[in-house]
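For the record, in the sequence shown the residue sitting at position 237 is 237 according to the UniProt record's numbering, with numbers rising by one throughout. Heads up, the beta-carbon is just placed ideally off N, CA and C, and yes, glycines get one too. Taking it in order: structure first as structure tokens, then the write-up.
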Amino acid sequence: MNGPAVAGRSDDDPADGWFPESVAATYDDPGGANAPEVIMPAVDALQDLAAGGRVLEFAVGTGRIAAPLATRGVPVSGIELSQAMAARITAKPGGDAVEVTLGDMTATRVGGAGEFSLVYLVFNTISNVTTQDGQVDVFRNAAAHLRPGGLFLIEVGVPSLRRLPPGQDTVPFTVAPGGNRSGYVGFDQYDVVTQEFTSNHVTVTPDGKGRFHRIPFRYAWPAEMDLMARIAGMRLKHRWADWDRSAYTADSSKHVSVWEKLPSPEGGTQSSSTAN
Ligand SMILES: C[S@@+](CC[C@H](N)C(=O)[O-])C[C@H]1O[C@@H](n2cnc3c(N)ncnc32)[C@H](O)[C@@H]1O
């Protein structure tokens, strides 16, 4: 699960949550999620789904996706909790065109609510909202911004519950020994009763110093998200395994899901649950 590599510097503003200045400072470092081969397929798919309409990114961060989307001429707005993250958007090509509102995506409304063609929330960030009520509020807030027929997209990992044998609560995602007795171990620790989980990062540097960093999340199975969408007056339109729109299967480690806002606030009648 993604998360900050470093945190807790004394000049960090607590209001910036888990993504304060010390995290924002390295968030855009090259490689990984910032590699063009990761970003561009997402931007291509989002541009298609927007179909020429206005787009809103929940938890827009440093504009990793929103800024390149804006360079394509797509009108993009964003909501972001962390001032430190949002401050970096304008430095990116296209970033000047992204209208950012500081606030919480569970409740913040931006101008033009009810007119957006697409709201999207990527890079596992639905899981940063650590209660079921809060996650439902995210779906409701997305629906409130969409025009009827508009789309809400989420990109998120599938919880690794199939890798948990009875009696075990921990799944490693990276074990990377380095030189000189340094190394990194990353693991998720699940509470299958509460659906809370933590991502844990243990880093040891060659000087023998170690750091243990733990970030809280809440997981939801895709079917629970479909129910949240239904509560918010939307229904599933697509569920893909990735941005390339490949089929979602039992072995998929993530999903890119798209729900469509139905004409009536109560959700209207659902004609079919078929999605592809
Ligand atoms: C993993 S980053 C993703 C940023 C960006 N969407 C991207 O793909 O690079 C998660 C972002 O979500 C923001 N965030 C977390 N909870 C939020 C909330 N409730 N409302 C708005 N932003 C939130 C964090 O401040 C952080 O910038």
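Query, Result
"Cβ-Cβ separation, E196 to T130 (assumed contact under 8 Å), whole Å", "6 Å"
"Three-state secondary structure assigned by DSSP to R163", "helix"
"Contact check, L49 vs L121, beta carbons under 8 Å", "no"
"Secondary structure of P222, DSSP reduced to three states", "helix"
"Buried versus exposed, by CB contacts within 10 Å (16 or more), A220", "buried"
"Heavy atom of ligand 1 within 7 Å of A59 beta-carbon", "yes"
"Heavy atom of ligand 1 within 7 Å of E80 beta-carbon", "yes"
"Buried versus exposed, by CB contacts within 10 Å (16 or more), S82", "buried"
"Nonlocal neighbours in the same chain, by C-beta distance under 6 Å from R163, ignoring five residues either side", "V171"
"C-alpha gap between L236 and F139, whole angstroms", "12 Å"
"Best match in L153, G17, P216 for proximity to T194 [C-alpha to C-alpha]", "P216"
"heavy atom of ligand 1 below 7 Å from D129 C-beta", "Checking the displayed sequence, the identity of residue 129 turns out to be Val instead of Asp. Checking the Cβ of V129 against ligand 1 gives yes."
"Per DSSP, cross-strand counterpart(s) of K261", "M234"
"Other residues of its chain near T71: CB distance less than 6 Å, five sequence neighbours each side excluded", "P93, G94"
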